[in-house]
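So the structure is just underneath, and the comments pick up after that.
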Amino acid sequence: MTTPAETARPPAYVALAEQRYRVAHIAGPELSGISDVAVFGARVVALRRGQPELVPLQLDGSLAGQGQALPDLVCGHGLRRIGPDLLAVTDVDGHKILLLDAALKEVARLDCAEHPGLGRPFNHPCDCTRGPDGRYYVADGYGNSAVHIFDPELRHLKSFGGPGDAPGEFSTPHSVLFDAQGRLCVADRENNRIQMFDAEGNWLGQIGGLHKPMALALTPEGHLLVTDQTPRLSAYDATGRLIGRCRTFSTYGHGLAVQADGTVVIAEMNPDRVTLLIPV
10 MTTPAETARP PAYVALAEQR YRVAHIAGPE LSGISDVAVF GARVVALRRG
60 QPELVPLQLD GSLAGQGQAL PDLVCGHGLR RIGPDLLAVT DVDGHKILLL
110 DAALKEVARL DCAEHPGLGR PFNHPCDCTR GPDGRYYVAD GYGNSAVHIF
160 DPELRHLKSF GGPGDAPGEF STPHSVLFDA QGRLCVADRE NNRIQMFDAE
210 GNWLGQIGGL HKPMALALTP EGHLLVTDQT PRLSAYDATG RLIGRCRTFS
260 TYGHGLAVQA DGTVVIAEMN PDRVTLLIPV
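Going left to right, the sequence shown walks through residues 10 to 289 as this note's numbering numbers them.
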């Protein structure tokens, strides 16, 4: 594992709004095939894709122990902390979502019994989040252009969306979360926009001016962060106004999380690594 202290080149700096960051790259064979990251307790957890595994890191990016294989996953894609002791892992080709506890042990799952289908859960899902009322929302992004809603007992309630580019339709819903205003934000990747909905799936608005948005996260101040395939990282305030923008450093910033101190953690692909934007 290569840590920032071992690199000889001077650090780079970027800015979002009024905040300046020092850039640190964390690379090594342990992160080959990285797909997403989450801040989970006092650590960062990275998800590897081809041979699904969770890799624990310290908040500074150094290894925090051995990786944990996920033998029930076909292809790891999305990773999101959805509660103080709950992590959602999305299996894009296994058509399921695993819910893990603080010890990274499975406590529940959402799946289709390995029978994917068009228009119903699941068909190559991308990401999962949980709403303020405890319901689960799954962006079913590659085979379906839909978001599915499940109750706190994991029973399917409804789905919304459909293929297209009109308001409320999706191409590839790739990332999903609730913002600080309680709106469900969906990265509608091939439609080059973020769409916003209420908790029932009613369309509220959208943010354009993006090139294939990939990942979503919130800062401690409640700003929405979006990576896209320019490649860049954009920050938006509560009104959807662009307040900051910088580039990311690999071909794709596929995953995104934010630490409590405001450090931005990016799962970058090609080359594969974790990039930290550390407030200074």
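Heads up, the beta-carbon is just placed ideally off N, CA and C, and yes, glycines get one too.
All values derive from a computational prediction rather than experimental measurement.
Asked, Found
"Same chain, Cβ closer than 8 Å to Y22, five either side skipped, listed in chain order", "R29, Y30, R31, V32 and V289"
"Cut-off 6 Å between Cβ atoms - residues of its own chain near F179, not counting five sequence neighbours on either side", "S154, G170 and D197"
"Option in L233, H157 and P141 with minimal Cα separation from G128", "H157"
"Exposure of V295, with buried meaning 16 or more beta-carbon neighbours within 10 Å", "Lying before the first or after the last residue shown, residue 295 is absent from the chain, which here runs from 10 to 289."
"L166 in three-state terms, based on DSSP", "strand"
"Cβ shell of G249 (< 6 Å), same chain only, five flanking positions each side left out", "I216"
"Span separating the alpha-carbon of G103 from that of V83", "5 Å"
"Endpoints, the beta strand (DSSP E) within which M278 is located", "V273 to M278"
"Close-in-space but distant-in-sequence residues of the same chain around A73 (CB under 7 Å, 5 per side omitted)", "R52, P65, L66 and Q67"
"The beta strand (DSSP E) enclosing M292, as first and last residue numbers", "With the chain covering only 10 through 289, there is no way to say anything about residue 292."
"Assumed close pair P134, I106 - CB separation to whole angstroms, cut-off 8 Å", "7 Å"
"Strand pairing of P172, partner residues [DSSP]", "F179"
"Where E62 falls: helix, strand or coil (DSSP)", "strand"
"Residues near S41 in its chain [Cβ-Cβ closer than 6 Å; skip 5 each side]", "D281"
"Residue of L227, L108 and S184 minimising C-alpha distance to D246", "L227"
"Nearest neighbour of E230, chosen from G271, A224, I43 and A208 [CA to CA]", "G271"
"Beta bridge counterpart(s) of H34 as assigned by DSSP", "T284"
"Nearest-angstrom Cβ-Cβ length linking P182 and D149, presumed shorter than 8 Å", "7 Å"
"Cβ-based neighbour list, A111, same chain, cut-off 7 Å, excluding 5 preceding and 5 following", "G50 and D94"
"Among D207, S44, L166 and F258, nearest to R89 - alpha-carbon criterion", "S44"
"Alpha-carbon spacing of L285 relative to C255, whole angstroms", "13 Å"
"Where E27 sits in the DSSP three-state scheme", "coil"
"Beta-carbon spacing of L234, V273 below 8 Å", "yes"
"For L40, three-class secondary structure by DSSP", "helix"
"Contacting residues, own chain, Cβ-Cβ under 6 Å from V98 (five flanking each side not counted)", "L88 and L107"
"Under 8 Å between C-beta atoms of Y146 and C137", "yes"
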